[in-house]
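For reference, the structure discussed in these notes is given below.
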Amino acid sequence: MKNNVKELLAYLEGFITENRKEGFLRVLKNRTKHFTVAIEDVYQLHNTSAVMRSCEVFGIQELNVIEEKFGKRIDTEIAMGAQKWVDVNRFNSVQSCINELKSQGYQIIATTPHNDSCMLHEFDISKPSALFFGTERNGLSEEVILQADGFLKIPMVGYTESLNISVSAAIIIQDVTNRLRQSNIHWQLTEEEVLDKRLDWTRKSIKDIEFIEKKYWETIA
Numbered sequence: 001m002k003n004n005v006k007e008l009l010a011y012l013e014g015f016i017t018e019n020r021k022e023g024f025l026r027v028l029k030n031r032t033k034h035f036t037v038a039i040e041d042v043y044q045l046h047n048t049s050a051v052m053r054s055c056e057v058f059g060i061q062e063l064n065v066i067e068e069k070f071g072k073r074i075d076t077e078i079a080m081g082a083q084k085w086v087d088v089n090r091f092n093s094v095q096s097c098i099n100e101l102k103s104q105g106y107q108i109i110a111t112t113p114h115n116d117s118c119m120l121h122e123f124d125i126s127k128p129s130a131l132f133f134g135t136e137r138n139g140l141s142e143e144v145i146l147q148a149d150g151f152l153k154i155p156m157v158g159y160t161e162s163l164n165i166s167v168s169a170a171i172i173i174q175d176v177t178n179r180l181r182q183s184n185i186h187w188q189l190t191e192e193e194v195l196d197k198r199l200d201w202t203r204k205s206i207k208d209i210e211f212i213e214k215k216y217w218e219t220i221a
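The opening position of the sequence shown corresponds to residue 1 in my numbering, with each subsequent residue numbered one higher.
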């Protein structure tokens, strides 16, 4: 199967430029699933899109969106194309999201000004972690708080006690991914994950991809 994927990729790459191929490889070198981000029932759609953009800019490959109360769509003006490059996993309940992430080996980290919260600069980046962000008004639900393996907060010295979710996400994601890349932790995507994303991104870059792939499969049948 892996050889089949490589052969299909080699064929499809003939339809994109060398610069684009090299760009995919360059970006994928800095992609990670060591951290993933989960956002819980964010009402303002532009905040979901902005968090996705931060994930893409700082190299986090997967965003988990919980849609228990509010359905989500991507605001393309805010996302700035990030929806093409970040994988979005959608869940219809908080519990299903937590269960799935735990099954993948992630610890659940609630971003909240909780009394027992770890300061951002003290956060241990060595463990694969799912960073949960809550709603604009109420923060994270009790369901997340009670099942969290740890708590994380951004140091603040002003009167205001909270930040917009998209701002909080950007600050935290930038900090932990920057420290991750300076560490000896094996944080990169696996060879198979890189191959999968190269194929996915190449497909998204080709007009009439369905027709072209159909011709390919007819040729090798």
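All C-beta atoms, glycine included, are put in the ideal place defined by N, C-alpha and C.
Exercise. Between the C-alpha atoms of Ile-220 and Phe-211, what's the straight-line distance to the nearest angstrom?
Worked result: Using only the alpha carbons, I get a separation of about 15 angstroms.
Exercise. Is Lys-197 helix, strand or coil when you go by DSSP?
Worked result: Reduced to three states, the DSSP call for Lys-197 is helix.
For this session: Alpha carbon to alpha carbon, how far is Glu-218 from Ile-173? Give it in angstroms, no decimals.
Result: Here the C-alpha atom of Ile-173 lies approximately 44 angstroms from the C-alpha atom of Glu-218.
Exercise. Which residue's Cα is closest to the Cα of Ile-66: Asp-87, Met-52, Ala-38 and Ser-54?
Worked result: Residue Ala-38 is the option with its Cα nearest to Ile-66.
Exercise. To the nearest angstrom, how far is it from the Cα of Lys-204 to the Cα of Ile-154?
Worked result: Cα-Cα distance, rounded: 36 angstroms.
Exercise. In terms of residue numbering, what span does the alpha helix (DSSP H) encompassing Val-144 cover?
Worked result: Its alpha helix (DSSP H) spans residues 142-147.
For this session: Return the CA-CA distance between Gln-61 and Lys-215, expressed in angstroms with no decimal places.
Result: About 31 angstroms.
Exercise. Mind checking Glu-77: buried by the 16 CB within 10 Å criterion, or exposed?
Worked result: Confidence at Glu-77 is low in this model, with a pLDDT of 43, below 50, so its placement is unreliable and no value can be given for it.
Exercise. Which residues in the same chain as Ala-79 place their Cβ atom closer than 7 angstroms to its Cβ, once the five residues preceding and following it in sequence are excluded?
Worked result: Residue confidence is low: Ala-79 scores 41 on pLDDT, short of 50, so the model does not pin down where it sits. Its coordinate-derived value is still stated next. These residues qualify, in order along the chain: Ser-49, Met-52 and Arg-53.
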